[in-house]
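K.L.:
Residue numbers (this note's numbering), protein chains in the order written: chain A, 78 to 576; chain B, 3 to 377. Each residue gets a CB set at the ideal place from its N, CA and C atoms; glycine is no exception.
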Amino acid sequence: MERAESSSIKPPVTSLGVLGWLRANLFSSWINSLLTILTLILIYFFGRVLVIWSVREANWSAVTNNLGVLTWGRYPNTEVWRLGVSLILIVLMGVLTWVQWSRQENQRSRPVLLAGWLMMPFVLTILIRGITMPTFRTIINNIGYYIVHPDVLIALDQTWRANAALTLTGLLAGASWMIFQKRRSRILTNVGALVVLALMVPLSTLSQPWIFGLRTPMAIPMLLTFGLCLLIGRAVGRSFTNMVGRAHVLGAIWMISLPIVVIVLTTFEVGNEAVDPVEALMIVPPNIWSGILLTLSLSVVSIAASFPIGVLLALGRRSSLPVVKGFSILFIELVRGVPLISILFMAQVMLPLFLPLGVNIDRVLRAMAGMILFTAAYLAEIVRGGLQAVRNEQVEAARALGLNEFLVTSLVVLPQALRAVIPPIMGQFVSIFKDTSLVAIVGLLDVLAVGQSVIKAREYLGAVREIYLFAGLFYFVFSYAMSQASRRLEARLGVVESE
Amino acid sequence: MRKLFALTGILIVAGLVLAACAPVEPEVVTVVETKEVTVIETQEVQVKVPVSFVMESARLEAVKSNGKVRCGVNSGVPGFGFLNEAGEFTGFDTDFCRALAVAIFNDPTAVEFRPLTAAERFTALQTNEVDVLIRNTTWTFSRDVELGTDFGPTTFYDGQGMMVRKDSGFTSLSDMGGATVCVLSGTTTELNLADAFSARGLTYDPLVFDKSDETAVAYDEGRCDGLTSDKSQLAGLRTTMTNPADHQILAETMSKEPLGPVWAHGDQQWGDLVSWVVNGIIIAEEKGITSSNVAEIAAGTPEDPEVARLLGLEGSFGELLGLAPDFMVNVIAAVGNYGEIYDRHLGPEGTDIPREGSFNALWKDGGLLYPPPWR
């Protein structure tokens, strides 16, 4: 900001201060002045009506008394603190990221923050949906079933747990073989995999149909799974042999995976409350999520999940592999040829007819899946536009430097392509955020549907305008915040001049 | 790192040792054996049996093992079903869901409410997403026969009516020749209106809207002379008018809309249960049993044998339905009799739909509520 230092030379009155601004922007010519006055008169008349109505007539208690329902809907009142904790977590992470990112000199905390953000979906899901955890007693007892009574697993239809555990340990063991150099680490990881394998021995002697109804001892599918995962793990491990600190990363993955394997193996119910997994956090199924909670979780999930799918589809559509290309084109064109509302109807009304009886997929998850696929198809086309904007010389130059196709795409092409299409991507996100209100038509209670429902109580009957104004304000605040964020991002990446 | 690996190694070995000796034989083995049988049974019932026979007396078992009655409801009809300030479903329809939960579990909260739209409500029944549908559903031939659903006793006799201004001079539909009528588009309401006017040889001017709120606002602003909808809805809409006392609902009924509980074809036992819980609630009003005096009556020896049978003091009616003998005592204590439910949601305290002299009065008072005897 410039300040007038000398009293003898004053800046021209017309260019500074409120009056100057008014003169420059609103009254620069007689036609501009006329338009300004006309607009002011219009604003006055409409604004007066609005103000008089909202002060004198409006029944704002319809909104204020129902703020709780509008926000968390049917979420159990005793568990609402979990939503509070989630909100605090998000805000905390946001503030930390903001502070760290604006400080250029502090680069070290970035991986930590990134890891934190990657953990967020899991943490939030556990917090909001709840979780069942096996107690120590359950773990011991359930592991006992693998050793003493593997037939129970078959009766309970829980044999997938064995295969899941084998998959994870197989992948890790394969990778470890390539990455760990020290003998002790190698032996320890082998012991880990062997323990899991040993645990499966009694189960593997039993027979169960697994493919085309073929009945063989479980050992065959299990060994196939394990062997395949071992090979995949080895291949993955080999591709990372040049990475610095790879042993530490793998060690950390082992540390995280062991409890996961234990939980995967042991969280099944047998029907004895003393040894069954208990709800550490009460399960609140997505089915009953409603209000702002539903609107936000629907939009956040569809935005976060559709982006990578959209990018993959865009790359797939430009791929030279005919199957990948064909699939991408088919998917994109099919989904784009259908309105979102019919996708939602398909997911809610038609899908259950095709599923076997007794299989019920959560209604909110069905809506989420529909919205993700829909957004992904549109994003794919936007990203493809960005890909086409990257000049071929860039690719050739990158290849000339000796980068492989994966690196050419991820380091050279995609960053430039995505940077070019930030505005339409954000536009798509804002649009899917507002489109979440369509789920009301398939019986899910988003913020708008909850609003329409609460004004059916006797004391709020007819408070339609108040509720719609509230909903409108809610959508506006979030959409505006999203477009502001997009503009800042563009400015930071130098797409447009910073304002 | 090395230490960590050593530690995990020790943990794994320790876990294995513990696991190997831990399953205390008697406990685990008993658990295993009792469970094995039941699990296999329910799974076969759920997966292998063809659709039309799945519900054969298995519905109640499924509900019991689920721990909850899954009830399809409406989320936006004044007096019948909406969310209150605490985020719970309330209304006339939802109270019947609670009555079922009390009958089965003696717990009014053992209901899983599924808000359903008109379009998906029957699919939800067919695909086993809800156990019962209590959602302003009119009993018609095609729904009963063609859609594979069964209807229980009517809980509310609705019908299409017409609201007019008191000062308009209209006292019956026959006066309304040439009038403008606000109506919801694409519903049977629109067709019934056309039928009613053409049957009287009159013309009218329809003003069509998409949302019932919009029709009410348009009527209130004087854009039309009459507003037509189901009478239950009209009563709710009347309270939203600038001056509710200026409007009246004409006595004529343009259509029959018996509303009641609906379930999927094929499980008569489940249907019996739903029907008789509803019948019991109506009989309770007939006999003057209310939520406040039911405990007292059940504790004594009622003189009326039907009361004794209803409250489970005589006979084994509860057992025949697969319920506790005194299930009606719990139901009445928790949600009240028909009159109490009606007053709570549709009476002067609620949306104010006059009951006296309407079809929804008891048969003794000239209405249509005529429950079969509990014998």
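Hey, does Thr241 (chain B) have any beta-carbon neighbour from chain A nearer than 8 Å?
P.N.:
Answer yes: the Cβ-Cβ gap between Thr241 (chain B) and chain A drops below 8 Å somewhere.
K.L.:
In the structure shown, what three-state DSSP assignment does Gly74 (chain B) receive?
P.N.:
Correct three-state label for Gly74 (chain B): strand.
K.L.:
Whole alpha helix (DSSP H) runs in the stretch 98–176 of chain A with 4 or more residues, listed along the chain?
P.N.:
Those alpha helix (DSSP H) runs which fall completely within the stretch 98–176 of chain A and span 4+ residues are 107–129, 138–141, 144–149.
K.L.:
Span of the beta strand (DSSP E) holding Met320 (chain A)?
P.N.:
It is not in any beta strand (DSSP E) - Met320 (chain A) carries neither H nor E in the DSSP assignment.
K.L.:
Chain B partners of Val531 (chain A), CB-CB under 8 Å?
P.N.:
Result: Phe84, Leu85, Asn86, Glu87.
K.L.:
In chain B, what lies closer than 7 Å to Asn142 (chain A) by C-beta?
P.N.:
In chain order: Glu87.
K.L.:
Thinking Ser530 (chain A) and Gly282 (chain B) are a contact (beta carbons under 8 Å), I'd like their distance in whole angstroms, please.
P.N.:
Not really, about 30 Å apart at Cβ, beyond 8 Å.
K.L.:
Does chain A have any CB closer than 8 Å to the CB of Gly78 (chain B)?
P.N.:
Cβ-Cβ to chain A under 8 Å: yes for Gly78 (chain B).
K.L.:
In whole angstroms, what separates the C-alpha of Ala60 (chain B) from that of Ile106 (chain B)?
P.N.:
Roughly 14 Å separates the two Cα atoms.
K.L.:
Do Glu114 (chain B) and Arg72 (chain B) have their C-beta atoms within less than 8 Å of each other?
P.N.:
Taking 8 Å as the Cβ cut-off, Glu114 (chain B) and Arg72 (chain B) qualify as a contacting pair.
K.L.:
In chain order, what residues of the stretch 281–303 of chain B put their CB closer than 9 Å to some CB of chain A?
P.N.:
Flagged: no residues at all.
K.L.:
Pull up the distance between the alpha-carbon of Thr343 (chain A) and that of Tyr222 (chain A), whole angstroms please.
P.N.:
Near 9 Å, if we compare the C-alpha coordinates of Tyr222 (chain A) and Thr343 (chain A).
K.L.:
Excluding sequence positions up to five away, which residues of its chain have a Cβ less than 6 Å from the Cβ of Asn108 (chain B)?
P.N.:
So the qualifying residues of the chain are Asn332.
K.L.:
Less than 8 Å between CB atoms is the rule here; does Ile340 (chain A) satisfy it with respect to chain B?
P.N.:
Closer than 8 Å: no.
K.L.:
Who are the Cβ neighbours of Ala517 (chain A) in its own chain at under 7 Å, not counting the five residues just before and after it?
P.N.:
Counting only Cβ-Cβ distances below 7 Å, and skipping sequence neighbours, we find Asp523, Leu525, Ala526.
K.L.:
Would the stretch 290–304 of chain A count as touching the stretch 234–243 of chain A if we require 3 or more Cβ pairs under 8 Å?
P.N.:
The stretch 290–304 of chain A is in contact with the stretch 234–243 of chain A.
K.L.:
Identify each residue in the stretch 115–129 of chain B for which the Cβ-Cβ distance to at least one residue of chain A is less than 9 Å, and report them in chain order.
P.N.:
Listed by position along the chain: Phe115, Arg116, Pro117, Leu118, Thr119, Ala121, Glu122, Arg123, Thr125, Ala126, Gln128, Thr129.
K.L.:
Using DSSP with H/G/I as helix, E/B as strand and the rest coil, what is Tyr372 (chain B)?
P.N.:
Tyr372 (chain B) falls in the coil class under three-state DSSP.
K.L.:
Let me know if Gln465 (chain A) comes out buried or exposed under the rule of 16 or more other beta-carbons within 10 Å of its beta-carbon.
P.N.:
Flag for Gln465 (chain A) reads exposed.
K.L.:
With 8 Å as the threshold, decide whether the Cβ of Gly520 (chain A) is near any Cβ in chain B.
P.N.:
Closer than 8 Å: yes.
K.L.:
Give me the Cα-Cα distance between Phe361 (chain B) and Pro153 (chain A), rounded to the nearest whole angstrom.
P.N.:
Cα to Cα, Phe361 (chain B) sits roughly 38 Å from Pro153 (chain A).
K.L.:
By the three-class DSSP mapping on this structure, what secondary structure does Trp265 (chain B) have?
P.N.:
Residue state, collapsed to three classes: strand.
K.L.:
Check for me: the beta strand (DSSP E) holding Gly163 (chain B) runs from which residue to which?
P.N.:
Gly163 (chain B) -> beta strand (DSSP E) spans 162–167.
K.L.:
Once the 5 residues before and after Ser110 (chain A) are set aside, which same chain residues still bring their CB inside 7 Å of it?
P.N.:
So the list reads Phe104, once near-sequence residues are dropped.
K.L.:
Where does the unbroken alpha helix (DSSP H) through Leu243 (chain A) begin, and where does it stop?
P.N.:
Start and end: 237–256.
K.L.:
If you check the beta carbons only, do Lys138 (chain B) and Phe84 (chain B) fall under 8 Å apart?
P.N.:
In the sequence as presented, Lys is not what sits at residue 138 (chain B); that position holds Asn. Their beta carbons are not under 8 Å apart, which means Asn138 (chain B) does not touch Phe84 (chain B) by this criterion.
K.L.:
Would you check if the distance between the CB atom of Gly154 (chain B) and the CB atom of Ser277 (chain B) is smaller than 8 Å?
P.N.:
Cβ atoms of Gly154 (chain B) and Ser277 (chain B): closer than 8 Å.
K.L.:
So with Cβ pairs under 8 Å, would you call Glu321 (chain B) a contact of chain A?
P.N.:
Chain A contact via Cβ: absent.
K.L.:
Note down, in chain order, every chain A residue with its Cβ under 9 Å from the Cβ of Gly238 (chain B).
P.N.:
Per Cβ cutoff of 9 Å: Lys533, Arg535, Leu538.
K.L.:
Report yes or no: do three or more beta-carbon pairs, one from the stretch 142–159 of chain B and one from the stretch 259–278 of chain B, lie closer than 8 Å?
P.N.:
The stretch 142–159 of chain B is in contact with the stretch 259–278 of chain B.
K.L.:
Might you give, ordered along the chain, the residues of its own chain that have their beta carbon closer than 6 Å to the beta carbon of Asp207 (chain B), omitting 5 neighbours on each side?
P.N.:
If we look at Asp207 (chain B) and ignore the five residues flanking it on each side, its Cβ neighbours are Thr182.
K.L.:
Pairs of beta-carbons, one from the stretch 347–363 of chain B and one from the stretch 293–300 of chain B, closer than 8 Å: are there three or more?
P.N.:
Segments in contact, no.
K.L.:
Would Leu243 (chain A) and Met299 (chain A) qualify as a contact pair, given that the criterion is a beta-carbon distance under 8 Å?
P.N.:
In this structure, Met299 (chain A) lies closer than 8 Å to Leu243 (chain A) by Cβ.
K.L.:
Under a three-way DSSP split, which group does Phe55 (chain B) fall into?
P.N.:
Confidence at Phe55 (chain B) is low in this model, with a pLDDT of 38, below 50, so the placement of that residue should be treated as unreliable; the coordinate-derived value is given next. In the structure shown, Phe55 (chain B) sits in a helix (DSSP, three-state: H, G or I).
K.L.:
Based on Cα-Cα distance, which residue from A:Leu335, A:Gly247, A:Asn267 lies nearest to Thr302 (chain A)?
P.N.:
If we check each option's Cα against that of Thr302 (chain A), A:Gly247 comes out closest.
K.L.:
Compile a chain-ordered list of the residues in the stretch 345–365 of chain B whose CB is closer than 8 Å to at least one CB of chain A.
P.N.:
Listed by position, the residues of the stretch 345–365 of chain B near chain A (Cβ gap below 8 Å) are Glu351, Gly352, Thr353.
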